[in-house]
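In my numbering, the protein residues as written are 1 to 118.
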């Protein structure tokens, strides 16, 4: 590697720096983005590369993606968040880590949530 360039695509330089201050890593790391993209491609066939599926409408694709994101954050426990210093596994979702909720949601809770159905 010779050099790394940083270019702001969305927002301002100040917004990016403010977000980085709150970030645990303090630097921009494309590995997080690439891992996230991989997760979404695995969860939804329409987002996979060279997939034989075609999304019939952008609204349908957005709705499916919203459910995937909600499952990822509210239902699915993450290994790195679920292991404390004692290394004992206690299921913890990103929403629990961010104090958005105090428990893992069930699919029933998620699908019954009013704003999800609008």
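Where a beta carbon is used, it is the ideal one built from N, C-alpha and C, also for glycine.
The residue from 10, 23, 21, 106 with its alpha-carbon nearest to that of residue 73 is 106.
Per DSSP, residue 89 is not a residue of any alpha helix (DSSP H), being assigned neither H nor E. Cβ neighbours of residue 51 within its own chain (closer than 8 Å, five residues either side excluded): 45. If you ignore the 5 residues before and after residue 75, its C-beta comes within less than 8 Å of the C-beta of 93, 104, 105, 106, 107, 110, all in its own chain and listed in chain order. Residue 112 and residue 39 have their alpha carbons spaced roughly 24 Å apart. One thing to note: residue 27 has its Cβ no nearer than 9 Å to the Cβ of residue 17. Contact between residue 41 and residue 49 holds, since their C-beta atoms are separated by about 7 Å, short of 8 Å. The alpha carbon of residue 77 has as its nearest neighbour, out of 90, 56, 43, 67, the alpha carbon of 90.
When the alpha-carbon of residue 4 is set against those of 13, 24, 53, 29, the nearest one is in 29. Scanning its chain for C-beta atoms nearer than 7 Å, with the 5 sequence neighbours on each side dropped, one finds around residue 55 the residues 46, 61, in chain order. Assignment of residue 83 by DSSP, reduced to helix, strand and coil, places it in the strand class.
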